[in-house]
Each structure stands twice: as C-alpha cells, then as structure tokens.
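All residue numbers for the sequence shown refer to my numbering, where the first residue is 319 and numbers rise by one.
We put the beta carbon where it would ideally sit given N, CA and C, even for glycine.
Computed from a predicted structure; not experimentally measured.
Structure first, commentary second.
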Amino acid sequence: MTKQHERLIVVSNRLPFSFRRDDSGKWRAEASGGGLVTALLPVLRHRGGIWIGWPGTSEDVPDISPELPVAGEDTGFTLQAVSLTAEEVRNFYEGFSNEVIWPLFHDMQLLCNFDPAYWRTYREVNRKFARAAHKASRAGDFIWVHDYHLMNVALELRRLGTKARIGFFLHIPFPPPDIYLKLPWRMALIDALLQFDLVGFQTAHDRRNFLQCVRALVKDAEIDGRGQIVQASVGGREVRIGNFPISIDYNAFMRQAASPEVAARAKELHRMLPNRNVILGIDRLDYTKGIPLRLQAFQDLLTRYPDLRERVSLIQVVVPSREDIAQYRDLKTEIEQLVGRINGTFVQPGGWVPVWYVYRSLSRVDLIAYYRAADIGLITPLKDGMNLVAKEYCACSIEEDCTLILSEFAGAAMQLGRSALLVNPYDIEGVADAIHRAFHMDKAERQARMRRMRRSIREYDVFWWVDSFLRAAITKDLRAFPLPENHVADESADHALLF
Ligand code: GDG
C-alpha cells in the first residue's frame, strides 16, 4: 500500500452515488451498492481522496454539482462533479462510448457507428475530466481512471503537466488486433492509453490482445517481461501493463444470503415453483449478454428433452439499461417475442410457466434471494469483461448444492472454468445439453464444483483486486503476483485454456 499522505483520486464516468434531500433540505449522497464502490470506499477514507465523475441527470436530481461537496460530507472523502451538456451526453456517452467502443471491444464491429463527431466530443469531454483531476491532484497522489469512457484522460493530464502517477483499469474486454484495427482512431487511442503509468485489464487474454495491438501499431515500443505485469518502454516513458480480475465483496454477499429476510424470500420463490428446478439468468439489457440465444437454448431443451417439461422453469431478469439507444429497444422487443413464443408453446394453463420474465431492477434482497433459490445459474454472454453475476451467484449459493453454467467468453471463465460447466453461447444445442447435464448431475459432484469456485472467489475478492492494482502501480518487483487459479501469468497457458 502507498504512503498515507498519497491520496487516491478516482475518476469514473458516473459518480457511484445517488442523491437525496434530507429533512433540512440539504442534498445527501448515498453510495450505490456496487462492488467497485464498496471496495474503494475504505481506501478513500483511509488515505483521503476524491471521487470525480458525472452525477448523471434525472428529474429528481436536476444538477446538484455546486452542492456536491456538502452532499458528499458523510462519505468521508470529497465528491466532485463533471457536468455534461445534453449534446456531450449524446456524442460522448451514447455515441463514442456506447456506439463505438462498447460494440467494437465486444467483437461486434457491425454494430458500430463510427461518426467522426463522436470522437471529437469524446476528446473534449475527456479533457474536461482531466482538467478536474488536474485541479484536484498534487504530486504524489495516485489518479485511478476507470473504464472505456475515459481512455484519453492521461494524455490530457500530461498536456496539463500533472505530476501525480496515473493508472487505468478497463472493465470491458480488449479486442484482438484484427478487430481493434477497424477503429478509425486506432493510433490516437493506443497512444493515449500508453500515456498512463499502469494499464490494467481483466484477463491475461485482454492484456495479450492489447500488447499485440501495441506491437502492430507502435514501432518504437519495447516490451519486457512475461509475468502478470509487463513493462513497455515507449518514447522514453515506462508503462506497466497487467491483468487484475475484478471480483466482489464475497463476505457481504454470503452473509446477506444467510439472513432470515433472504431465506424467507427464497423459500417463497420455491413455494411458487413447487418440485421444479429454478434456472436463473440475470443481465442488464444488452446485446453482449446473449439473452436471445439463451432463450432459444431453453426452447431447444424443452423440445429435445420432454422429460424436463414441468420440471424446470427459467427466471430471466433483465435490468433496463441504455434504453435511449435504438439497438437496445430492438433487443427488448426480440426478448419479449421469444418469451411469448416459448410460453405460448409449452405453458400449462393454471400450472407450469416455462419462462418467468422480469423486466426491472431488483432490490438487493430480492437479487440475493433469486441467487440463493436458483438450482442452475445460466450465464451465457457472447463476450464479457468479467461478469460479476457469476461470482455473486456462487457467493450466495451457501448450500453449495447448485451448478453454474458459464460462457467461455466471459472473463470469469478464466477463474471458474474448471468447475463451472463451460459453454459456447452460440451453440444452442450445446447450451441445452449443458442444462440437461446440470439437471441430472449428482449432488456430490455439484457440491464439489461449487465449493471449489466459492473458495477461489472468497480468496480473490474485490479487496484483493484493489490492493493488487495499487501495489502494481508502485512495486519495484515486477515478478508475478499471485493470481486466481487459471488466471495464469504465462500467456501461452491461458491461450491453451480458451482456444
Ligand atoms: C461491466 C462489465 C464487468 C444486476 N441486476 C441487478 C443488480 N445487478 C448488479 C449485479 C452486478 C452488476 O449489476 C452487473 O455486473 P456485471 O459484471 O455482470 O456486468 P456489467 O454491468 O456489464 O459490468 C463486466 C463489470 O463491469 C465489472 O468490472 O464484470 O464484464 O461489462 O454486480 O449484482 N443489482 C441489483 N438489482 C438488480 O436487478 N440491486
């Protein structure tokens, strides 16, 4: 850990807080329950620090930027807002971030809209975030920038003459060169990423893709080392490049899963689905999550394995997301049509309903109750940086009597792949066969697999992740850090696992 007076400045697109007025009319900040914020709060409180981000806009909270320092008083550190105009939100957030980088980095280049205006606004907005970070920081601080919205921030900070060290973590995958090279601004973006002092990816696979792009595009780059963290020397600067699989607050999930409140909710779910195996899918509404193919696999299961009819139900929770983007609205319609078709074909009026479709955000208690009640977790993204739902499902399976079916294209497969049932999400019959296998798996095997996964997630939780990233930024010794099983440091070995 770095010295205490070296503050941590976190920069992310959204501030992970919601805001409400207290009885005296003052705004108050409440941390959202996500793993990232849970893990960073203790570090920020301990070292002192600042969280910079866009507070978002909503009808309830028009623009509270000027009131943020007061609103954030209870958090133990400072919150600082970057305000965005409606046009910036359109071109930077919905445009470049979510119509260019998000689809491209998930290998879906046909969904990209490479509008040059998006790139211009992306650079301007990144400059805005950089100005805020520059103003807030001093030499000796560590600025930790998060995710694909803010890849240009270090470049802008260098222009401003920032003395603090700057790290970056990419939460989504990094694509291989044949896909990355399609980006019209490929050179500028790779140069921008190399302006950070430390660039972190989810898996060794993402890190290798990035290094291949650096080798292809940056002629004077010298890359040294083969451990979890490698060093690249570019134009006289040293950049560390590593992989740090993000995780969850395992103990918090496990404890809450064991609470009487969750137990009662989980029991209620089982009562509504008597003598039935519950299969669970939980995803944000997103085309990367593979929901339509998953529904087709479930339909194939009921068609080819009639013995499972009335013995399984799929609960598919879809959390509304990015509904202002046309592709997301189309996806919602496609999902609803598929659910209607499956239920229309197989439903028993007054009895069994094959698919329970929930389109809304669940409370944390309900979310954990669904995890706890499910016999099979069905997580089949077409591509995913990590997928925290997979890890949360295992943490909440306190009886250890259930099975995880996991896409081999989720980052989590690197860590959990030996104990989950790995599937290719494009293989409809293969996914149906995996559900059939999970249904018939004997209890001893189920428990042994789940126990191994839970042990690994417990050991390498989100606090380990924060600590290993921050240590990687300052360590003098670049030998491999301990990584979860299969997050092997050696590049050739992880390649062998996936392909
Ligand atoms: C990105 C990357 C990477 C979901 N439904 C509800 C709910 N959730 C929470 C889950 C989980 C989170 O949302 C989803 O995280 P994922 O990792 O599964 O997916 P993304 O949102 O796409 O996240 C991903 C992640 O960043 C972290 O680096 O793993 O690959 O795409 O924590 O619990 N929470 C509540 N109600 C819901 O209905 N309360």
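Please state whether the Cβ-Cβ distance between residue i and residue j is less than 7 angstroms.
| i | j | result |
| --- | --- | --- |
| F460 | R483 | yes |
| V637 | S577 | no |
| Q574 | I716 | no |
| P407 | I370 | A quick correction: the sequence has Val, not Pro, at residue 407. The answer is no: Cβ separation not under 7 angstroms. |
| G729 | Q530 | no |
| V819 | L326 | Only positions 319 to 817 of the chain appear in this structure, which leaves residue 819 out of reach. |
| E652 | P610 | yes |
| L613 | Y688 | no |
| N470 | R525 | no |
| Y466 | I508 | no |
| I541 | A550 | yes |
Please go through the same chain and pick out, in chain order, the residues whose beta-carbon is closer than 7 angstroms to the beta-carbon of residue i, but skip the five residues on each side of it.
| i | result |
| --- | --- |
| N742 | E726, G748 |
| E474 | N444, R445, A448 |
| S336 | E348, S350 |
| N409 | A435, Y436, T439 |
| T498 | Reading the sequence as shown, one finds Tyr at residue 498 and not Thr. The residues are R504, C531. |
| V784 | A357, L358, V361 |
At a threshold of 6 angstroms, does residue i count as lining the ligand GDG (C-beta to nearest heavy atom)?
| i | result |
| --- | --- |
| R640 | no |
| I504 | Looking at the sequence shown, residue 504 is not Ile but Arg. Outside the cutoff, so no. |
| R682 | yes |
| H489 | yes |
| V637 | yes |
| R602 | yes |
| I564 | yes |
| D702 | yes |
| L685 | yes |
| E726 | no |
| S679 | yes |
| E579 | no |
| E556 | no |
| E348 | no |
| E417 | no |
| E710 | yes |
With a CB to CB cut of under 6 angstroms and the five nearest residues on each side skipped, what residues in its chain are close to residue i?
| i | result |
| --- | --- |
| S810 | Since pLDDT at S810 reaches only 40, below the 50 mark, its modelled position is unreliable, and no value is offered. |
| P513 | Checking the sequence shown, residue 513 turns out to be Gln, not Pro. Once the five neighbours on either side are set aside, the close Cβ partners of Q513 are A472, L473, R476. |
| G458 | E324 |
| E377 | Low confidence applies to E377: its pLDDT is 46, below 50, so where it sits in the model is not reliable, and the reading given next is rough at best. Same-chain partners within the cutoff: there are none. |
| I490 | F423, Y466, G703 |
Helix, strand or coil, according to DSSP, for residue i in the structure here?
| i | result |
| --- | --- |
| G729 | coil |
| I327 | strand |
| E540 | strand |
| S350 | coil |
| F862 | Only positions 319 to 817 of the chain appear in this structure, which leaves residue 862 out of reach. |
| Y875 | Shown here, the chain extends from 319 to 817; a query on residue 875 therefore has no answer. |
| F447 | helix |
| R339 | strand |
| T621 | helix |
| Q322 | Because Q322 sits at a pLDDT of 48, beneath the cut-off of 50, its placement in the model cannot be relied upon, and the point is left open. |
| E377 | Confidence at E377 is low in this model, with a pLDDT of 46, below 50, so its placement is unreliable and the value that follows should be read with caution. Coil. |
| G695 | strand |
| R332 | strand |
| T606 | helix |
Kindly indicate which residue of the options has the alpha-carbon position closest to the one of residue i.
| i | options | result |
| --- | --- | --- |
| R776 | A581, D795, I566 | I566 |
| D751 | R594, E324, T621, K650 | T621 |
| D693 | P699, M704, C714, Y677 | C714 |
| V596 | Y646, W437, V673, T698 | V673 |
| K537 | R690, I547, V552, R544 | V552 |
| H523 | K701, R789, L706, V635 | K701 |
| L501 | W462, L516, D433 | D433 |
| S401 | W372, L611, I419, E417 | W372 |
| W782 | P334, D340, N569, R594 | N569 |
| G366 | I653, A454, T403 | A454 |
| R441 | P699, R363, G413 | G413 |
| F594 | I600, K794, K585, R602 | For the record, residue 594 in the displayed sequence is Arg; it is not Phe. Of the listed residues, the one whose Cα sits closest to R594 is K585. |
| F616 | A399, D779, R627 | R627 |
| E654 | T793, V635, A506 | V635 |
| L516 | A762, R602, Q546 | Q546 |
| T698 | A506, G608, Y411, V463 | G608 |
| K481 | A451, L488, F492 | A451 |
| D280 | I559, L587, R769 | In the structure as shown, the chain begins at 319 and stops at 817. Residue 280 is therefore absent and cannot be evaluated. |
| M771 | Y744, H758, K709 | K709 |
| V676 | K794, G668, V657, F787 | V657 |
Excluding the 5 residues preceding and the 5 following residue i in the sequence, name in chain order all residues of the same chain whose CB lies nearer than 8 angstroms to its CB.
| i | result |
| --- | --- |
| D604 | S639, R640, Y646, L649 |
| L739 | T721, L722, I723, L724, A752, R755, A756 |
| S631 | L591, R594, N595, V596, I597, W670, V671, P672, V673, W674 |
Do residue i and the ligand ADP come close, with the Cβ less than 6 angstroms from some heavy atom?
| i | result |
| --- | --- |
| V707 | Summarising the ligand content, the structure contains the ligand GDG and does not contain the ligand ADP. |
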